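> Could you have a look at this structure, given as structure tokens, before my questions?
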Amino acid sequence: MKIAITSLKGGVGKTTIATNLAVCFAQKGYKVCIVDTDAEQESSIGWSEQRQDNLTNVTVVRVGERSLIREVKQMEKNFDIVLLDGSPQLRELASATIAASNFIIIPISPSAYDFWALESFMLRFEQIKQMREDKLEAYILLNKFNDNQNIGKELNESLKTEFSDIRRLQTTIGERVAYKETISHGIGVTEYKDKKAKDEIESLAQEIEAIIKTFNK
Ligand SMILES: Nc1ncnc2c1ncn2[C@@H]1O[C@H](COP(=O)(O)OP(=O)(O)OP(=O)(O)O)[C@@H](O)[C@H]1O
Ligand SMILES: [Mg+2]
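The structure is reproduced here in structure tokens:
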């Protein structure tokens with residue numbers, strides 16, 4: 001299964017979600033690979049360089065734009081789950097990342113900027129979807145959301161009214177220091193001490209497992 005974590009916006013948590021999901025899936029026994037598509041930052045690669053060998057194996061590779069679709073297809077033969085960590089732009093790389101995937105997860109953080117960027121991103125998504133014969137789905141994931149923020153409630157309402165055709169993942173990821181503290185150790189929050197962060201990533205992984213099952217039918 002090929003899943004892209006992608007968005008037009010920078011800093012929404014693509015790499016954070018990709019690395020944490022990868023660890024959680026690896027702990028469940030899946031063979032997992034992260035494809036770092038971001039040549040400028042190589043954040044997932046940087047994270048994996050900090051990861052110790054005695055931990056559950058998560059493979060992280062860098063793949064260039066031109067060979068992305070072909071190489072990801074090839075990787076699917078060796079891995080149960082391939083997570084594509086997207087780069088923050090709407091050029092050809094973003095299109096290739098979407099095109100290489102079975103479904104995409106779009107993290108949104110509580111900012112109107114993220115919400116506005118969704119419109120042009122979804123236009124591109126629809127264009128790619130129309131060229132495909134197999135199914136392609138998009139799911140929004142609220143990241144860095146805290147219950148007490150009004151902006152969170154407002155965005156949630158706007159998503160319902162303006163993007164009612166995009167599915168929303170039920171799990172919401174909170175803004176927690178655990179997501180920052182784990183990076184330099186090359187670990188995921190499911191290997192760390194913050195129970196709330198651990199629970200939400202496990203809940204997200206479960207939701208994604210259920211989506212994967214609908215593809216395998
Ligand atoms: N849920 C969260 N709680 C706290 N901090 C978070 C959370 N998600 C992401 N961050 C922090 O926000 C910053 C951006 O996250 P990240 O690098 O994952 O975003 P990105 O979308 O991959 O960025 P880029 O577009 O630059 O690739 C990082 O410092 C990260 O630690
Ligand atoms: Mg990133």
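Residue numbers for the sequence shown follow the working numbering, beginning at 1 and rising by one.
Glycine included, C-beta positions come from ideal geometry on N, C-alpha and C.
Remember, predicted model here, so these are calculated numbers, not experimental data.
Go through its chain and collect everything with a Cβ distance to residue 20's Cβ below 6 Å, but skip five positions before and after it.
For this step, residue 20 is matched to residue 20 along the sequence shown. Counting only Cβ-Cβ distances below 6 Å, and skipping sequence neighbours, we find 188, 189 and 201.
> Would you check if the segment 109-122 and the segment 58-73 touch, i.e. whether three or more CB-CB distances between them fall below 8 Å?
Touching, no, given that fewer than three Cβ pairs across the two stretches are closer than 8 Å.
> In angstroms with no decimal places, state the Cα-to-Cα distance between residue 128 and residue 137.
Working through the sequence shown from its first residue, we reach residue 128 at position 128. Working through the sequence shown from its first residue, we reach residue 137 at position 137. In a straight line, the C-alpha of residue 128 is about 11 Å away from that of residue 137.
> What I want to know is whether the C-beta of residue 87 ends up closer than 8 Å to one or more non-hydrogen atoms of ligand 1.
Counting from one through the sequence shown, the residue named residue 87 turns up at place 87. Indeed, a heavy atom of ligand 1 lies less than 8 Å from the Cβ.
> My output table needs one value for residue 139: the three-state DSSP class, helix, strand or coil.
Your numbering for residue 139 matches position 139 in the sequence shown. Residue 139: strand per DSSP, three-state reduction.
> Ordered along the chain, which non-local residues of its own chain (more than five positions away) have a Cβ less than 7 Å from that of residue 45?
Residue mapping note: residue 45 aligns to position 45 of the sequence shown, counting from 1. 36, 60 and 62, listed in sequence order.
> Relative to the C-alpha of residue 135, which residue among 33, 87, 214 and 152 is closest?
In the sequence shown, the residue the question calls residue 135 occupies position 135. Here the closest residue by C-alpha is 214.
> When you measure from the CB of residue 114 to every non-hydrogen atom of ligand 2, does any distance come out below 8 Å?
One-based indexing of the sequence shown puts residue 114 at position 114. Outside the cutoff, so no.
> Taking 9 Å as the threshold (C-beta atoms), are residue 87 and residue 162 in contact?
In the sequence shown, residue 162 corresponds to position 162, counting from 1. In the sequence shown, residue 87 corresponds to position 87, counting from 1. Their beta carbons are not under 9 Å apart, which means residue 162 does not touch residue 87 by this criterion.
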